[in-house]
Amino acid sequence: MRVTLHKITKRFGSTGALEGVSLEINDGELLALVGPSGCGKTTLLRVVAGLETPDSGDILFDGRSVLSVPPERRGVGLVFQNYALFPHMTVFHNIAYGLKFAKNLPVSVPGRVRELLKLMGLEGLEDRMPSELSAGQQQRVALARALAPNPNVLLLDEPLSALDAKLRERLRVEIKKIQRAFKITTLYVTHDQEEALAVADRVAVMSVARIEQVGAPTEIYNAPATEFVARFIGRGNLLQGRVVRCDREELVLSVGDGFIRTRADGSLWVGQAIAVLVRPERIRFDRYADNILMGTVVGREFAGDALWLHIETAAGVLVVKADAAQSTIADGDAVQIGFSAADVWVVTDRRLPSTPSR
Amino acid sequence: MSARKWGGEQALLALPLLFLAIFFYGPLVNLLRQGLTRDGAPSLDFIQAVLTDDYFQHVILFTLAQALLSTLASIALGLPLAYLLVHYDFPLKRVVRSLTIVPFVLPAITVALGFALLFGRTGYLNRFLMGLFELSEPPLPIMYSLTGIVLAHAFYNAPIITRAVHAAWERLDPRYEESARALGASRFYIFKDITLPMLLPGVLSGAALVFIFCFLSFPIVLSVGGGRFSTIEVEIYTRVVTRLDPQFINYKIGAALALVGLVISLGMTYFYVRLQGEFARQVEHVRPRPTVPLFRGVRDLFRPTRLVLFLYVLVSVVLFLGPILAVVADSLWEDTPAGGRWTLRWYSYIFAPDYEALLGDSPLQAIFNSIGFGVAATLIALPMGMVFAYVIARLRWRGQRLFDALLMAPLATSSIVVAFALLQTFNAPPLRLVGTASAVIIAHAVIIFPFIVRALVPVWENLDFKLVEMARSLGASRLRALREIELPLLAGGLLAGAVFAFALSLGEMSATLMLARPGLNTMPVAVYRFLSQHALGAPSAMSTVMIVVSAVAFIVLERWGERALKRL
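Pasting the structure below:
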């Protein structure tokens, strides 16, 4: 099932939750919608579910508008952050609930429930009440309940946010596995960019009421289209500078009191103010690089597998992800750092037009 | 569990517990012993008599039946309002919501009077209908009937159902219903499978509380029933006030009845407490529910569901405002041979210090007594309630359940039984309190105290205890932290508690009626005595004064007591 959102606008009072949002989720694809809290991502999910009616715009399932189809007949599977497991029903009855309304069920209701219990590794828990389950088990029951009636689209609203970090990492792998197994078109809403990159086929980044960029996780990470995306995704050094030279070979920017070289970009002109992104893991202690900067270590965070250093340079304070083996570097040490011109990404706020050409 | 938990703070409990032991548990045990002994020896004769005799069986069954009917009527009347408040927007919604606390502060006897004025044989409604249809007989025999009792109880208790259900509904996360909807459930199935089962604890806990109140109700049964109906409370009252009782047989019967009544109401109270516990486990973080305007245009008048809702609003406005307006109107009206005229005569009458034979002293004295008793009872019950509420809200120990139950016992004990127990116990030296103001004040303090505790627990719970810990870590002593951190932050809640206590004491009639002697009458007692002689005008004026006090109390509670009244 392909889901198409076309110029969706939704306002609550005078505040716009969605301003002409268009988005396409391909058949069988897991699309993660990521953005800070309050950006409208949950509203977008609720619009797809039919729980909110957009003020304007259209929603198409496989090219057919579902705007007038109520949620109970839209065939969407829904998982909320708090799971909303019916507290007065057993695990079995929770999972079976949607089957009560399903027509032309190929198997019996208990058969289908058992299928899902097995798939989710929940066997033996069918007679438990939701309050007697661990958080991870509750999450799985919620997923099983949503998938039981064979929905066209799976909608996950912050499905892991209520869990602790370790469990979150484990379950996101499971969710992805199950999504693959069902080959179900999925919209996965989260505020956690790391989770989004890890789980998604494609990621859509939202700021206030708008989508900033849609793309594969690597594309979003390495080539952010806007300053917002560059800031929101990953840890990075976003440097504000001005173009001082721009020719066929290279682009030179003045940043702070220093200069940074990057690959040529014909669309820029001398004097233009732009931002560039340099990922911390691309910076090395290297004297043979396109860009060499002298600096002083002003802060360090030891993170077990890595060492994060804050280094004051002529271009400003840069965050550098160093090998944990470099842990002899101490505060106040003078260091020389370098990075290649290819690792400097020019962010020119090429905001997506609100309607992509179709 | 650990030794630390029985520190100095629990020692605070000593004084209020001592007070309760002397003036509530002791007398109550003493009274119940009366019902369980004969000629000084243990005996079940009186209990057996009460349980097997046809007449008493009838009384007990009638008490249960009227309580059950009243509870059902309260649900029928209160539930739609909860639905309206949850799903619709309408003008004055906030005010309507707040008005549901009125039954707690409005004296029951004013409701009884309002019902007599509105629904009595010569009441406004019957006179209106007789004039309209040229009837010779009043068409609605509501007064002095079971219908009247049930309606008055419903008037009084429906708002409690509304409060309980509304609170439950607001705490019900709409995502449960949305999940069901996404799974394919229609509106009907969502309501049947999800909403209703999840609201049930709320409905049942409200219903249990209403059942307890109706089961123990006295002023309404006595006045609206007009002496034709006897419940356990009315039976105890009439037997105890019958002075010609040389062998104290009536006392013994009364005690046995009190025991039976107490067992039933304690059972219900236990049920209620269990449900409240059930309730507290639900999640607090909830998406706000979308609401739609109730009235969107004239076309709504022709939609069946809307029409039913409008009719409901109309009926409830008449039922809720009618009796109160009737009282106020009657207090300003005087029948004359020429028909009648507006007057302030009744007010000058009740504010005059002239002797009134019905009361045994002047109406003005009753007003003074009410204020004095109210202030005194508040001064006793408020600090007690504060300490208990603090202990419940802050400290956890093994005896928690038992402690809660002990505390709820006064709530499950009728005012009549409280007064009866005091009468039994303090009628001889060393503490001969019967016939003094102290007896009345003590009875009021005991009766209002559980309400104060319940009002103040959420107030304490709402205070972030880390603030106190912070103050102490900065060097403040516990007392200083109390004075400089807790009291200023709790000021609003405590003011609401004090006003609530005063209003409850002011409206108390049952115990006062049993303990009052000439010179100790209060306003509700005066209203009852006037009413029982079918004298109108003066009781309306006096009730209007109480309505005004209740209105002031309501405004204070509305302004500062939102949290305090949350879990009543």
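Top to bottom, those sequences are chains A and B. Residues 22 to 379 in the numbering used here are what the first sequence lists, from first letter to last. Residues 103 to 670 in the numbering used here are what the second sequence lists, from first letter to last. Beta carbons: idealized from backbone N, C-alpha and C, even for Gly. Remember, predicted model here, so these are calculated numbers, not experimental data.
Where do the ends of the alpha helix (DSSP H) carrying residue i lie?
i	result
K197 (chain A)	186-203
C316 (chain B)	298-318
E216 (chain A)	214-220
T63 (chain A)	62-70
L122 (chain B)	116-122
E240 (chain A)	238-243
Should residue i be labelled buried (16 or more other beta-carbon atoms within 10 Å of its own) or exposed?
i	result
S378 (chain A)	Bear in mind that the predicted position of S378 (chain A) carries a pLDDT of just 35, short of 50, making it unreliable; the figure below should be weighed with that in mind. Exposed is the call here.
T407 (chain B)	exposed
N529 (chain B)	exposed
I657 (chain B)	exposed
T36 (chain A)	exposed
S43 (chain A)	buried
L576 (chain B)	exposed
G145 (chain A)	exposed
I241 (chain A)	buried
D268 (chain A)	exposed
M300 (chain B)	buried
D295 (chain B)	buried
K31 (chain A)	buried
L416 (chain B)	exposed
Should residue i and residue j be called a contact, given that it needs their Cβ atoms to be closer than 8 Å?
i	j	result
E335 (chain B)	F320 (chain B)	yes
Q357 (chain A)	F306 (chain A)	yes
A643 (chain B)	W435 (chain B)	no
L274 (chain A)	V265 (chain A)	yes
V210 (chain A)	L66 (chain A)	yes
A478 (chain B)	L617 (chain B)	no
V152 (chain B)	I355 (chain B)	yes
A230 (chain A)	L26 (chain A)	no
V55 (chain A)	M227 (chain A)	yes
V318 (chain A)	G257 (chain A)	no
R265 (chain B)	T202 (chain B)	yes
I232 (chain A)	A221 (chain A)	no
A598 (chain B)	G663 (chain B)	yes
V252 (chain B)	Q136 (chain B)	no
F148 (chain B)	A358 (chain B)	yes
V235 (chain A)	A296 (chain A)	no
Residues in the same chain with beta-carbon distance under 7 Å from residue i, minus the five sequence neighbours each way, listed in chain order, please.
i	result
S104 (chain B)	Bear in mind that the predicted position of S104 (chain B) carries a pLDDT of just 38, short of 50, making it too unreliable to give a figure here.
A428 (chain B)	G216, L219, L220, Y226
P118 (chain B)	M486, V489, F490
Could you please give the first and the last residue of the uninterrupted beta strand (DSSP E) stretch that includes residue i?
i	result
F306 (chain A)	It is not in any beta strand (DSSP E) - F306 (chain A) carries neither H nor E in the DSSP assignment.
G279 (chain A)	279-284
N132 (chain B)	Segment 128-137 is the alpha helix (DSSP H) holding N132 (chain B); no beta strand (DSSP E) there.
A225 (chain A)	223-227
A117 (chain A)	Per DSSP, A117 (chain A) belongs to no beta strand (DSSP E); it is in the alpha helix (DSSP H), 112-117.
E45 (chain A)	36-46
G292 (chain A)	Premise fails: G292 (chain A) is in no beta strand (DSSP E) and is neither H nor E.
L227 (chain B)	Premise fails: L227 (chain B) lies in the alpha helix (DSSP H), 226-235, not in any beta strand (DSSP E).
Using a C-beta cutoff of 8 Å, does residue i count as contacting chain D?
i	result
D275 (chain B)	Among the protein chains of the structure shown, namely A and B, there is no chain D.
Ordered along the chain, which non-local residues of its own chain (more than five positions away) have a Cβ less than 8 Å from that of residue i?
i	result
L283 (chain B)	Residue 283 (chain B) is actually Arg in this sequence, not Leu. So the qualifying residues of the chain are I292.
R252 (chain A)	L259
Y353 (chain B)	Q136, R341, V342, D347, Q526
Within a Cβ cutoff of 6 Å, which residues of the same chain sit near residue i, ignoring the five residues on either side of it in sequence?
i	result
A156 (chain A)	L184
M370 (chain B)	A310, F313, I314
F632 (chain B)	A640, P641
S375 (chain A)	The predicted model places S375 (chain A) with a pLDDT of 40, which falls under 50 and marks its position as unreliable, so this point remains unresolved.
G311 (chain A)	Per the sequence presented here, residue 311 (chain A) reads as Asp, with Gly not at that position. Same-chain partners within the cutoff: R282, S361, A362.
L396 (chain B)	Y190, F192
I304 (chain A)	V341, I358, F360
V591 (chain B)	A quick correction: the sequence has Leu, not Val, at residue 591 (chain B). The residues are L565.
K62 (chain A)	L54, G56, V210, M227
G424 (chain B)	L220
V326 (chain B)	A214, F217, G250, I251, A254
Just list the alpha helix (DSSP H) runs in the region 585-670 of chain B, keeping only unbroken ones of 4 residues or longer that don't cross its boundaries, in chain order. Inside the region 585-670 of chain B, DSSP marks whole alpha helix (DSSP H) runs of 4 or more residues at positions 589-609, 612-617, 625-634, 640-662, from first to last along the chain.
Scan the region 263-294 of chain B and note each continuous alpha helix (DSSP H) run of 4 residues or more that stays entirely inside, going in chain order. List check, alpha helix (DSSP H) in window: 276-284.
Going along the chain, which unbroken runs of the alpha helix (DSSP H) with 4 or more residues stay wholly within the region 129-165 of chain A? 130-140, all fully within the region 129-165 of chain A.
Which ranges would you report for the alpha helix (DSSP H) in the region 420-498 of chain B if only whole runs of at least 4 residues count? Counting only runs of at least 4 residues, the region 420-498 of chain B fully encloses the following alpha helix (DSSP H) elements, listed from N- to C-terminal order: 447-452, 465-496.
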